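Chemist: Submitted below is the structure of interest, expressed as structure tokens.
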Amino acid sequence: MTNREIARVFEHIAEILSIQAENPFKVRAYTRAAQTIADLSYPLSSLPSQAEIEKLPGIGKAIAQKSWELIQTGKLGYYEKLLSTPHARLTEFLRIPGLGPKHAKLIYDHLGIDSVDALRAAAERGELESLPGMGKKTQAKILQGIEQALKYKQRSSLAEMHPRAQAILEQLSGLDPVEQISLAGSLRRMRDTVADVDILVASDQADPVMDAFVSLPEVADVLARGPTKSSILTRDGFQVDLRVVARESFGAAMHYFTGSKNHNIRIRALGQEAGLKINEYGVFRGKRRIGGQTEEEIFGLLGLAFIPPELREDHGEIEAAQAGELPALVELADIRGDLHVHSRWTDGRNSIEEMALAARKRGLRYIAICDHSSALKMARGLDRARLQEQMREIDELNRKIKSFAVLKGIEVDILADGRLDLEDEVLAELDVVVAAVHSRFDLSRAEMTARLVKAIENPQVNILAHPTGRIISKREPYPLDLDAVMDACLACNTFLEVNSFPERLDLCDIHCRQARDRGVDLAISTDSHRIDHYDWLKFGIATARRGWIEKRHVINALDLKALRRKLRKAR
DNA sequence: GCCGTTTTCGGCCCGACTGTTTTCAGTCG
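Residue numbers (this note's numbering): 2 to 572.
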């Protein structure tokens with residue numbers, strides 16, 4: 002079983018238990034265990050024993066035993082018993098915004114309803130409003146929630162959401178009473194997908210800010226409107242939460258509102274141990290407020306260095322901060338060049354010169370033109386003759402262009418058997434060879450791993466592009482033994498790409514961390530097909546930062562001379 | 001169910017908003 006599948010079982014168990022009104026801390030234990038397993042960089046099934054599983058954070062004897070049973074038999078007796086209860090069917094109610102475990106059970110107990118269709122019908126007939134503790138408004142809210150759940154996009158990509166969030170931020174930041182404003186939540190942590198937009202404002206006049214917020218042109222519906230917190234639904238169907246606090250609470254609110262939830266729980270527990278109460282208004286000793294204007298203050302009062310938002314997932318960052326061992330994360334400004342850029346020669350929009358000048362304008366010192374090879378027919382991939390022609394154009398351009406270098410490269414297709422789409426002696430003439438899979442995603446795990454390892458071992462190949470092939474919320478990564486791939490990279494001086502294309506972000510954050518742990522260096526590349534795609538570099542950087550990547554792990558943070566040395570293989 | 005430089009039992013982050021209530025429960029983040 003995959004980690005994802007095991008995690009889903011525990012998530013479902015947590016939901017069923019919550020409907021059964023089990024101890025909420027027990028419910029949380031299952032949720033936390035599911036998250037731990039989902040975030041692992043290696044298959045849980047690769048652990049040799051139940052005792053090893055039990056060492057994972059948030060997993061004790063009981064859940065380790067259940068994990069082991071799942072891995073060994075593919076089934077779990079405890080889970081199957083829960084599945085046979087009617088409450089298992091009610092978990093789909095939890096997908097409906099505004100409907101939680103208590104009402105789900107209440108509705109089932111009184112009306113015997115266990116499907117969304119039946120729920121909608123009952124609500125339309127007005128049968129819910131007479132249930133104890135419910136009323137007309139709750140019934141209407143549930144009905145609305147069902148409609149919303151149907152057209153609701155679960156999560157949107159970071160790149161899709163980021164500009165929209167910025168647009169709202171800009172409208173609010175122009176308001177007079179707004180003293181400070183910032184994005185928070187998973188957008189600030191730069192997760193690859195986000196469910197909603199969180200915005201935080203410091204102001205001593207919350208009311209006019211709230212009024213402006215709920216009457217923005219984007220607003221389709223106001224979900225909540227309070228003195229410090231409001232939520233809206235936009236016309237294109239995503240939720241935006243706004244929180245307004247006083248200036249002296251801005252840091253505490255930023256920290257609280259940025260999350261993650263697990264990180265916050267750990268931080269507040271740390272505060273408790275030190276006799277402090279931490280909430281979104283500040284840090285308190287008894288009734289006395291001792292800090293909270295800045296995030297630095299909060300971390301400082303706990304004896305921690307500032308933890309960058311991208312790390313706040315309770316993935317070891319708190320321990321690292323305690324030990325003074327937080328990574329010095331790579332920054333946008335560290336990047337010297339882009340090692341994966343397309344041009345009009347294949348499926349790009351701009352000429353090589355345009356791509357080069359645009360990159361230089363952004364402060365880069367070099368790019369590698371890596372157009373597709375001929376196997377990619379729809380992109381008019383380059384054959385040997387056209388590639389050599391392109392190389393001559395690059396030579397000419399380099400004579401012309403000042404204080405910038407255009408490297409000769411290729412994004413060569415890796416064929417199904419691991420051979421490359423161009424002969425080695427052609428590739429040997431290039432400065433950079435990027436290899437990539439664009440077809441035959443249906444191979445088995447063993448075949449796909451062998452295919453990639455063979456390409457990585459090719460002495461001409463420098464970088465493996467978008468290594469797992471995932472397209473966010475469209476295509477799962479192909480089955481792959483990434484450990485074996487990384488071992489091959491390490492042995493052969495081949496590097497892995499962090500592709501900044503918003504739908505890819507591949508390697509993902511967890512795999513970046515895995516590469517760091519295994520000692521494999523990365524190229525953070527844009528895969529630009531037009532000049533404005535260079536903007537996406539920030540998303541690749543964010544993904545790497547979330548994976549604890551430092552400048553020293555990034556080959557395109559090197560200057561050109563050092564890069565050339567680094568790329569040297571036993572060709 | 002998990003966890004422990006105070007603890008192997010008794011804690012477990014903390015607060016806002018809404019709706020249905022006369023003081024709180026449910027949901028959400």
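All C-beta atoms, glycine included, are put in the ideal place defined by N, C-alpha and C. Keep in mind the model is a prediction, meaning the values are calculated, not measured.
State yes or no: is the C-beta of Gln461 within less than 7 Å of the C-beta of Val434?
Modeler: Yes. Within cutoff.
Chemist: For Gln21, collect the residues of the same chain with a Cβ closer than 6 Å to its Cβ; drop the 5 residues on either side in sequence, then sort them by chain order.
Modeler: Answer for Gln21: His88, listed in chain order.
Chemist: Are the CB atoms of Arg471 and Asp507 nearer to each other than 7 Å?
Modeler: For Arg471 and Asp507, yes; Cβs fall inside 7 Å.
Chemist: Within 8 Å, do at least three Cβ pairs link the segment 518-533 to the segment 337-349?
Modeler: They touch, by the three-pair rule.
Chemist: Using alpha carbons as the reference points, say which of Val331, Lys76, Glu6 and Ser250 lies closest to Gly548.
Modeler: Here the closest residue by C-alpha is Val331.
Chemist: Look at the Cβ atom of Glu498, then the Cβ atom of Ile464, and state whether they are nearer than 7 Å.
Modeler: In contact: Glu498 and Ile464 (Cβ atoms closer than 7 Å).
Chemist: Which complete alpha helix (DSSP H) runs does the segment 451-496 hold, if anything under 4 residues is left out?
Modeler: Listed in chain order, they are 483-493.
Chemist: State buried or exposed for Asp533, treating a residue as buried only when at least 16 other CB atoms are found within 10 Å of its CB.
Modeler: Exposed, since its Cβ has fewer than 16 Cβ neighbours within 10 Å.
Chemist: What do you reckon, are the CB atoms on Met211 and Ser231 nearer than 7 Å?
Modeler: Yes.
Chemist: Going by C-alpha distance, which of Gly146, Ile169 and Ser158 is nearest Met191?
Modeler: It is Ser158.
Chemist: My output table needs one value for Asn557: the three-state DSSP class, helix, strand or coil.
Modeler: Reduced to three states, the DSSP call for Asn557 is helix.
Chemist: Under three-state DSSP, which class holds Ile319?
Modeler: Correct three-state label for Ile319: helix.
Chemist: Could you tell me which residues DSSP pairs with Gln391 in its beta bridges?
Modeler: Answer is none; Gln391 lacks a bridge partner.
Chemist: To the nearest angstrom, how far is the alpha carbon of Glu551 from that of Ala141?
Modeler: Their backbone Cα atoms lie some 51 Å apart in a straight line.
Chemist: Going by DSSP in three states, Ser116 sits in which element: helix, strand or coil?
Modeler: Ser116 falls in the coil class under three-state DSSP.
Chemist: Along the chain, where does the alpha helix (DSSP H) containing Phe442 start, and where does it finish?
Modeler: From DSSP, Phe442 is part of no alpha helix (DSSP H); its letter is neither H nor E.
Chemist: Can you list, in chain order, the stretches of the alpha helix (DSSP H) that have 4 or more residues and sit fully within the segment 180-223?
Modeler: Taking only runs of at least 4 residues, the alpha helix (DSSP H) segments lying wholly in the segment 180-223 are 186-189 and 207-215.
Chemist: Closest to Ala436 by CA distance: which of Ser183, Glu81 and Leu423 is it?
Modeler: Ranking the options by Cα distance to Ala436, first place goes to Leu423.
Chemist: Would you mind reading off the limits of the beta strand (DSSP E) that contains Val331?
Modeler: It is not in any beta strand (DSSP E) - Val331 carries neither H nor E in the DSSP assignment.
Chemist: Is Thr194 near Arg156, with beta carbons less than 7 Å apart?
Modeler: Against a cut-off of 7 Å, the Cβ pair of Arg156 and Thr194 comes out as a contact.
Chemist: Tell me, which residues are paired with Arg226 by DSSP?
Modeler: Arg226 is bridged to Ser231.
Chemist: Output the boundary residues of the alpha helix (DSSP H) element that contains Leu91.
Modeler: Segment His88 to Leu91, the alpha helix (DSSP H) holding Leu91.
Chemist: What does a CB cutoff of less than 7 Å around Ala221 pick up in its chain, not counting 5 residues either side in sequence?
Modeler: Taken in chain order, the residues that qualify are Leu234, Thr235 and Arg236.
Chemist: If you compare alpha carbons, which of Ile411, Phe405 and Ile17 is closest to Arg387?
Modeler: Answer by Cα proximity: Ile411.
Chemist: Applying the 10 Å Cβ sphere with the 16-neighbour rule, what's the burial state of Thr469?
Modeler: Its Cβ being crowded by 16 or more others within 10 Å, Thr469 is buried.
Chemist: Count the other C-beta atoms from every protein chain shown that fall within 10 angstroms of the C-beta of Ser445, then say buried if there are 16 or more, exposed otherwise.
Modeler: By the neighbour-count rule (16 or more Cβ atoms within 10 Å), Ser445 is not buried but exposed.
Chemist: Apply the 10 Å Cβ neighbour rule to Ile415 and answer buried if 16 or more other Cβ atoms are within range, or exposed otherwise.
Modeler: Classification of Ile415: buried, given that the 10 Å Cβ count is 16 or more.
Chemist: Going by beta carbon distance, what residues of the same chain come within less than 8 Å of Lys103, once the five residues before and after it are set aside?
Modeler: Cβ neighbours of Lys103 beyond the five flanking positions: Ala22.
Chemist: How many angstroms separate the CA atom of Lys137 from the CA atom of Arg121?
Modeler: Cα to Cα, the separation comes out at about 14 Å.
Chemist: Cutting at 6 Å between CB atoms, please list the residues of its own chain near Ala359, excluding the five before and the five after it.
Modeler: Closer than 6 Å at the Cβ level, and outside the excluded window around Ala359, lie Ile532.
Chemist: Nearest by alpha-carbon distance to Leu333: which of Leu538, Ala185, Ile7 and Asp118 is it?
Modeler: Ranking Leu538, Ala185, Ile7 and Asp118 by Cα distance to Leu333 puts Leu538 first.
Chemist: Can you name the start and end residues of the alpha helix (DSSP H) that His256 belongs to?
Modeler: Residues Phe251 to Thr259.
Chemist: Compare the Cα-Cα distances from Gly338 to each of Leu77, Thr32, Ala357 and Asn557 and report the closest residue.
Modeler: When only C-alpha atoms are compared, the closest one is Asn557.
Chemist: For Gln240, which residues does DSSP report across the bridge?
Modeler: Per DSSP, Asp197 and Leu234.
Chemist: Give the straight-line distance between the Cα atoms of Leu57 and Ala63, rounded to the nearest whole angstrom.
Modeler: Distance between the alpha carbons of Leu57 and Ala63: 13 Å.
Chemist: What are the boundary residues of the alpha helix (DSSP H) that includes Ser174?
Modeler: Element bounds for Ser174: Leu159 to Ser174.
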